[in-house]
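Visitor: Shown below is the structure under consideration.
Residue numbers (this note's numbering): 5 to 224.
Here it is, written out as structure tokens:
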């Protein structure tokens, strides 16, 4: 599947109680043409990755309302959108209004990535934002049907960008990654939320042979 076909297929998904940042528009926070811009930004990102030597895909659970719902980028909030774009040599404009919104998980992820030069692609098991019915600005865990959809999409992404390994961040990502392929190395990392940031950074440090400031894990 080409990057364009991949992104078109993803943008065509419409699932109850989910927000698709590549086709849906938030009436509260999105600027004009936000979904179109997010879709185009994702296309540029996948195209760049398909031409690069990809060390790994880091996989989270799903998009959050403070992060990927706004940016259209996995594990990335408004604060770190420029860092994400810079790593791939592309432009990714911010498409939300008001002050930049931060996300705790994104802050930890990007504190690690800023020390790693390898090409790392960020994704989620379920690539949309699932929310609790009646309140779009909430997060919920994707259900089994959504997980199957996400796993099929992840398989297409793996075949498109051909990473050497998968870093599954958290239990949900690890379970899904283990189903997908026996041909790629899979490493499970602790999710950095709920007090897991210290263990997460230790695992990143060991895997990529880098050192973090001793106080870094306590700053979030």
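Even for Gly, the Cβ is constructed at its ideal location relative to N, Cα and C.
Looking at the secondary structure, which residues open and close the beta strand (DSSP E) in which residue 129 lies?
Guide: That run of the beta strand (DSSP E) goes 124-130.
Visitor: Residue 36 and residue 123: beta carbons closer than 8 Å?
Guide: No, the pair does not count as a contact, with Cβ atoms beyond the cut-off.
Visitor: Are there 16 or more other CB atoms within 10 angstroms of the CB of residue 73, so buried, or fewer, so exposed?
Guide: Per the 10 Å Cβ criterion, buried.
Visitor: To the nearest angstrom, how far is it from the Cα of residue 191 to the Cα of residue 170?
Guide: Cα to Cα, the separation comes out at about 6 Å.
Visitor: Does the beta-carbon of residue 58 have 16 or more other beta-carbons within 10 angstroms, so that it is buried, or is it exposed?
Guide: By the neighbour-count rule (16 or more Cβ atoms within 10 Å), residue 58 is buried.
Visitor: Kindly indicate which three-state DSSP category residue 149 falls into: helix, strand or coil?
Guide: Note: residue 149 maps to helix in three-state DSSP.
Visitor: Given this structure, state the Cα-to-Cα distance separating residue 76 from residue 175, to the nearest angstrom.
Guide: Straight-line Cα distance between these residues: approximately 23 Å.
Visitor: Helix, strand or coil: which one does DSSP assign to residue 65?
Guide: In the structure shown, residue 65 sits in a strand (DSSP, three-state: E or B).
Visitor: Are the segment 76-94 and the segment 107-116 touching, with three or more C-beta to C-beta distances below 8 Å?
Guide: A contact exists between the segment 76-94 and the segment 107-116.
Visitor: In whole angstroms, what is the alpha-carbon distance linking residue 41 and residue 29?
Guide: One C-alpha to the other measures close to 11 Å.
Visitor: Please report how far the alpha carbon of residue 181 lies from the alpha carbon of residue 163, in whole angstroms.
Guide: Taking the straight line joining both Cα atoms gives about 14 Å.
Visitor: Tell me which residues share the same chain as residue 188 and place their Cβ nearer than 8 Å to its Cβ, disregarding the 5 neighbours each side in the sequence.
Guide: Same-chain partners within the cutoff: 162, 167, 168, 169 and 170.
Visitor: Checking the sheet assignment: what are the DSSP bridge partners for residue 100?
Guide: Paired residue(s): 34.
Visitor: Are at least three pairs of beta-carbons, each pair with one atom in the segment 118-137 and one in the segment 148-159, less than 8 Å apart?
Guide: They touch, by the three-pair rule.
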